[in-house]
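Trainee: Letter by letter, the sequence shown follows residues -26 to -1, 1 to 237 of mature numbering (1 follows the signal peptide of the UniProt record, and there is no 0). This is the structure I have questions about; it appears just below.
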Amino acid sequence: MNILKRFCLSAAMAAAAFFGSGAAEASTPLPVSLFLPNSHAKSLTTPVGWGSAFGSFFVGFGGTSPAPYSDDSDGGMAIGVGIGNPIKNVGLQAALVSLDMNEWDRYALNLHLHRYLGCARSIAIGVENIMLSDGSDAEESFYIVYSHGVLCEPFINKEKGTTRLHFSVGAGTGRFRDKSPQDIASGKSKHGTTVFGNVSYELFDELNLIADWNGVNLNAGISKTFAITERVPLVISIGAADLTDYSGDGVRLIGAIGTGITL
């Protein structure tokens, strides 16, 4: 699986794992400094500084149609767990990722270590695609990312204790820096920007409008979290990837669905 095909896995991880960082509707008024980002996903293809904590389990599916430089669709699956406490010390989100849902013979491990900084801010370091099987051209991608929820009017929802506007900025190696062999063969240079980022804004108190730059291209979409029960969310994200000609061979559809539970 090449670098661009793996973007669908990032979408699945963003949708499936972020549920644990959103704030539930406040039963009593909270000081603004304790507000958190909303429960919708904040990114389509890039990491965020938030992650799952102890007692959280999640699963997500992501796909792209078509895959870059192909007429076929591609997809992946991630299942993971959160441990630790990012408020008192650090949290660790670990996910087992299937890189091929047709053969089910290529697997990788993603690790995401995160720390809550207070005032709707969080920071994380991580690594993607620690290969657990043979037969894949996927390479490890290391990153650091800082996320920030804007706690000023008119970007806060006082009833829910959340912020509507959120952004992240980070830098990484691997898929955040290196373009695919097809891109290089097409004369689109060897490296991207290394720096990545995302921004999301909550529309109508219902869903997030998202844009992100993953180091090699621009993507945009929407995400919404549905509450199946008080402890079980369903997160759905859909978007358009490769909106510029900086990489890839055209705009494509990406989507992800995820759920989880906190015990």
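Even for Gly, the Cβ is constructed at its ideal location relative to N, Cα and C. Treat the numbers as computed from the prediction; the structure is a model and nothing was measured.
Look at the alpha carbon of residue 230 and the alpha carbon of residue 218, and state the distance between them as a whole number of angstroms.
Mentor: When rounded, the distance between both Cα atoms is 21 Å.
Trainee: In chain order, what residues of the same chain have a beta carbon less than 7 Å from the beta carbon of residue 187, not counting five sequence neighbours either side?
Mentor: Correct list, in chain order: 170, 171.
Trainee: Would you report the Cα separation of residue 241 and residue 51, rounded to the nearest angstrom?
Mentor: Because residue 241 is not part of the residues shown, which for the chain are -26 to 237, the question remains open.
Trainee: Residue 32 by DSSP, collapsed to three states: which one?
Mentor: Strand, per DSSP.
Trainee: Which of the three DSSP states is assigned to residue 200 in this structure?
Mentor: In the structure shown, residue 200 sits in a strand (DSSP, three-state: E or B).
Trainee: Tell me whether residue 35 is buried or exposed, calling it buried when 16 or more other Cβ atoms sit within 10 Å of its Cβ.
Mentor: It counts as buried.
Trainee: For residue 214, which beta-bridge partners are listed by DSSP?
Mentor: Per DSSP, 194, 227.
Trainee: Ordered along the chain, which non-local residues of its own chain (more than five positions away) have a Cβ less than 7 Å from that of residue 27?
Mentor: Excluding residues within five positions, the ones whose Cβ falls inside 7 Å are -7, 56, 58, 59, 60, 65.
Trainee: Taking residue 225 as the reference, give the member of 41, 31, 23 with the closest Cα.
Mentor: Taking only the C-alpha atoms, the option nearest residue 225 is 41.
Trainee: Three or more beta-carbon pairs under 8 Å between the region 113 to 129 and the region 15 to 27, yes or no?
Mentor: Yes, they touch.
Trainee: Just checking, does the region 133 to 144 make contact with the region 171 to 185 on the three C-beta pairs under 8 Å criterion?
Mentor: The answer is yes - the region 171 to 185 touches the region 133 to 144, with three or more Cβ pairs under 8 Å.
Trainee: Three-state secondary structure (DSSP) at residue 55?
Mentor: Three-state DSSP puts residue 55 in a strand.
Trainee: Anyone know if the C-beta pair for residue 189 and residue 141 falls short of 8 Å?
Mentor: No, the Cβ-Cβ distance between residue 189 and residue 141 is not below 8 Å.
Trainee: Ordered along the chain, which non-local residues of its own chain (more than five positions away) have a Cβ less than 8 Å from that of residue 168?
Mentor: Taken in chain order, the residues that qualify are 145, 146, 147, 150, 151, 189.
Trainee: Check the C-beta distance from residue 237 over to residue 54 and give it rounded, since I have them as a contact under 8 Å.
Mentor: Not quite, the Cβ-Cβ distance comes to about 14 Å (not below 8 Å), so this is no contact.
Trainee: Roughly how many whole angstroms lie between the Cα atoms of residue 70 and residue 125?
Mentor: For residue 70 and residue 125, the distance between alpha carbons rounds to 34 Å.
Trainee: Quick check on residue 61: does DSSP put it in helix, strand or coil?
Mentor: Here residue 61 sits in coil by DSSP.
Trainee: For residue 185, report the span of its beta strand (DSSP E) as first-last.
Mentor: Element bounds for residue 185: 181 to 187.
Trainee: Using 8 Å for Cβ pairs, my map puts residue 208 next to residue 196. What's the rounded Cβ distance?
Mentor: At roughly 15 Å, the Cβ-Cβ gap does not stay under 8 Å, so residue 208 and residue 196 are not in contact.
Trainee: Nearest CA to the CA of residue 106: which residue from 80, 114, 99?
Mentor: Selected option, being the one with the closest Cα: 80.
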